[in-house]
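As structure tokens, the structure follows; a few thoughts come after it.
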Amino acid sequence: MKKNTLLILGWCLCILLLPFFAKTQTNNNLQYLFTQLKQQPISKSDVLKIEQAKAAKKIINSQFYPDIDAIGKYDYASIPTSMYPLPPNELLPMVQNQSIPQPFSKNIYRLGAAIAMPIFVKSIYTLSSQAKIGIEAAVDQQYLNLIKNEAIIVSSNANLIYLQQLDSALSSKRNSLLITKSVIVVKVNNGRAPETVLTNINNAINELDILKNDLHIQKEEITATIANLTGVSITEAIPMQQIDNIKEGEIKSLLPLQKKVTAAQLSLQSEKDKLLPSLYLLGNYTNNFANAYNNNKSINTSYTTMGLLLKFPLFNKSQWAKINQSKINVESTNNELSIATQSLQTQAQQLLNTLQLLQHAVQLYQNSIKEKETLLQTAKVSFSIDQMTIEDYLKYEDDVVFEKTKLYKTQAQIWQTLMKLAVIYGNDIQTIVK
Numbered sequence: 016m017k018k019n020t021l022l023i024l025g026w027c028l029c030i031l032l033l034p035f036f037a038k039t040q041t042n043n044n045l046q047y048l049f050t051q052l053k054q055q056p057i058s059k060s061d062v063l064k065i066e067q068a069k070a071a072k073k074i075i076n077s078q079f080y081p082d083i084d085a086i087g088k089y090d091y092a093s094i095p096t097s098m099y100p101l102p103p104n105e106l107l108p109m110v111q112n113q114s115i116p117q118p119f120s121k122n123i124y125r126l127g128a129a130i131a132m133p134i135f136v137k138s139i140y141t142l143s144s145q146a147k148i149g150i151e152a153a154v155d156q157q158y159l160n161l162i163k164n165e166a167i168i169v170s171s172n173a174n175l176i177y178l179q180q181l182d183s184a185l186s187s188k189r190n191s192l193l194i195t196k197s198v199i200v201v202k203v204n205n206g207r208a209p210e211t212v213l214t215n216i217n218n219a220i221n222e223l224d225i226l227k228n229d230l231h232i233q234k235e236e237i238t239a240t241i242a243n244l245t246g247v248s249i250t251e252a253i254p255m256q257q258i259d260n261i262k263e264g265e266i267k268s269l270l271p272l273q274k275k276v277t278a279a280q281l282s283l284q285s286e287k288d289k290l291l292p293s294l295y296l297l298g299n300y301t302n303n304f305a306n307a308y309n310n311n312k313s314i315n316t317s318y319t320t321m322g323l324l325l326k327f328p329l330f331n332k333s334q335w336a337k338i339n340q341s342k343i344n345v346e347s348t349n350n351e352l353s354i355a356t357q358s359l360q361t362q363a364q365q366l367l368n369t370l371q372l373l374q375h376a377v378q379l380y381q382n383s384i385k386e387k388e389t390l391l392q393t394a395k396v397s398f399s400i401d402q403m404t405i406e407d408y409l410k411y412e413d414d415v416v417f418e419k420t421k422l423y424k425t426q427a428q429i430w431q432t433l434m435k436l437a438v439i440y441g442n443d444i445q446t447i448v449k
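For what it's worth, this note's numbering labels the leading residue of the sequence shown as 16, then goes sequentially.
Shown next as structure tokens:
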């Protein structure tokens, strides 16, 4: 019995800790971060904007349906008033026979229903098309915002890789200096080198420690950026590799703005449509109650009307002002689109050119690092046999780290350039990097 109890407790503990272990294991890939991004408030806000656009379209489309209202009304008149239009042929027998209650009274009660429905209102159709464009624009913006945030994650991770590589290079330099320091200590103790040489090497090691600490501060800032987008705190950079090239062509980042231009044009058209004739169906049913004025007998009668209403606007100064305002809005959004198009086309071409130069620079830096590492080994030997000063030797150490810094920074810039191009062309980030 006790054994079974312990077994059950063990299974329960495993189930409780499963999400933790799952999160720990999946934190080391970009796909997990992208999945978490979609569940964050920053992504959900775009979903809500789509729902708002859909709700706006439903409001406009609801105008195609009839409005049906229940009516309750009380009328008082200072003189007896007809309860409903009465044909003369029906009124004459009532006048001749006063026992028949005449449908006239000072106090009339009415219960019934009224219906109003647009048969043809052109502006509603145009507004419905505009609302549809609004939904499409919201969907486009959701996609672009998603890949923008995914691009930020990839770029931030690239910077994190750069800092870690630089930190590793500084650690290698520090280890190299420590080995050299051990040689210097022996020389100083034997009187073969002055104390200042030891001071110089200690100062160089201390500067490295300061740089490494600064790198850790920058790493904290980057991980905070990723955590803010995904809700996931990573401790190490995630290895990445490019699996496909940028697909050039249509600048999809312009899609929301293009939809905005279309929406502005439809808005202008809807204002013009309001100058066209409109056709409505109107209906009214009432059940009227009153006491006849001639004999005070109770009357209960119903009255129904149905008709078509044609409205043709002859003069509406404010409507023409709205049309002019919409025209200006169309011109403004078109100009905004032209500016953005020119800017993004120029930026895309510049980024493509820069990408080629950065890729070439990586090869040059890799070759340069090999040469400088060879020179460093030679400098170590020269310094150990007193053929080189400590200052000259430290320059060789600095040269290697400096060249590695430029290499790692260039590699990070390649990722950042790729991500900028992916956003401009609207490429799916997950098809480019894993």
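Ideal Cβ placement from N, Cα and C applies to all residues, glycine included.
When DSSP assignments are scanned along the stretch 360-390, no uninterrupted stretch of beta strand (DSSP E) that is 3 or more residues long falls wholly within it. Contact annotation: Thr245 and Leu45 have beta-carbon atoms that are not nearer than 8 Å. For Tyr423, the uninterrupted alpha helix (DSSP H) segment begins and ends at Ile405 to Tyr440.
It is roughly 56 Å from the alpha-carbon of Val345 to the alpha-carbon of Ala184. In the DSSP secondary-structure assignment, Arg125 is bridged to Lys88 and Asn303. Secondary structure at Leu101: coil, using DSSP grouped into helix, strand and coil. Ile314: member of the beta strand (DSSP E) spanning Ser313 to Lys326, first to last residue. With 16 or more neighbouring CB atoms inside 10 Å of its own CB, Thr141 falls in the buried class. DSSP, reduced to helix, strand and coil, places Pro108 within a helical segment of the structure shown. Between the alpha carbons of Ser58 and Thr356 lies a distance of about 26 Å.
Following the DSSP letters along the chain, one finds Pro56 inside the alpha helix (DSSP H) bounded by residues Pro56 to Asn76.
When the five nearest sequence neighbours on each side are left out, the beta carbons in the same chain lying within less than 7 Å of the beta carbon of Asp155 are those of Leu270, Pro271 and Lys274, in order along the chain. DSSP places Ala208 in the coil class of the three-state scheme, outside both helix and strand.
By the criterion of at least three beta-carbon pairs nearer than 8 Å, the stretch 379-388 is in contact with the stretch 414-423. Just measuring C-alpha positions, the residue of Gln113, Asn112, Pro118 and Asp90 sitting nearest Pro102 is Pro118.
Assignment of beta-bridge partners to Tyr295 by DSSP yields Pro133 and Leu324. Rounded to whole angstroms, Ile447 and Ile232 show a C-alpha spacing of 30 Å. The C-alpha of Gln365 is placed about 19 Å away from the C-alpha of Lys163. Residue nearest to Ser248 within the set Ile168, Lys227 and Phe327 is Ile168 (criterion: CA-CA distance).
Between the alpha carbons of Gln426 and Gln360 lies a distance of about 24 Å.
Apart from the 5 residues on each side of it in sequence, Ile258 sits with its Cβ closer than 6 Å to the Cβ of Lys449 in its chain, given in chain order. Spanning the alpha carbons of Lys424 and Arg189 requires a straight line of approximately 20 Å. Under DSSP, the beta-bridge partners assigned to Val448 are Gln257.
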